[in-house]
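Peer 1:
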């Protein structure tokens, strides 16, 4: 009987894959606030969570844009690109993690995006003002 239990446990551990990683998903983030935040369960155990963040060094008060989700592997992780577009310099940083679920939080000036409620509220107010006056 003990042998059957041990064999069942061994079979379960060996043949059933580990639980997949859960990442923050954001198809468009502005000012550290995701416009459509959700949790995303990665489809494969080898996946990693990623954050792709673009900012503009000449615009000190503008925090930039970000997207987040699952990547199939860690290829390209840790990549940093600096370039210009229409004469404006921008930096893009691609980071990955897989240590814990939802490890891909957006960091703004060493503060996680969850601490950026005031910036998000101000950004939402500005957008609402712009949309209200553009109609």
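Residue numbers (mature numbering (1 follows the signal peptide of the UniProt record, and there is no 0)): -20 to -1, 1 to 115.
Glycine is no exception: its CB is placed at the ideal position from the N, C-alpha and C atoms.
#1: Applying the 10 Å Cβ sphere with the 16-neighbour rule, what's the burial state of residue 42?
#2: Count the C-beta pairs between the stretch 61 to 71 and the stretch 15 to 30 that are closer than 8 Å, then say yes if the count reaches three, no if not.
#3: Please classify residue 48: does DSSP put it in a helix, a strand, or coil?
#4: Got a sec? Which residues, its chain only, sit under 6 Å from residue 15 by beta carbon, not counting five neighbours each side?
#5: Looking at residue 3 and residue 56, is the spacing between their C-beta atoms short of 9 Å?
Peer 2: Reading it off the structure:
#1: As a working note, residue 42 is residue 62 in the chain shown. Per the 10 Å Cβ criterion, exposed.
#2: no
#3: Here residue 48 refers to the residue found at position 68 when the chain shown is read from its first residue. Reduced to three states, the DSSP call for residue 48 is strand.
#4: Position 35 of the chain shown, counted from the first residue, corresponds to residue 15. If we look at residue 15 and ignore the five residues flanking it on each side, its Cβ neighbours are 8.
#5: Start at 1 with the first residue of the chain shown, and residue 56 comes out as number 76. Start at 1 with the first residue of the chain shown, and residue 3 comes out as number 23. Result no, Cβ atoms of residue 56 and residue 3 do not sit closer than 9 Å.
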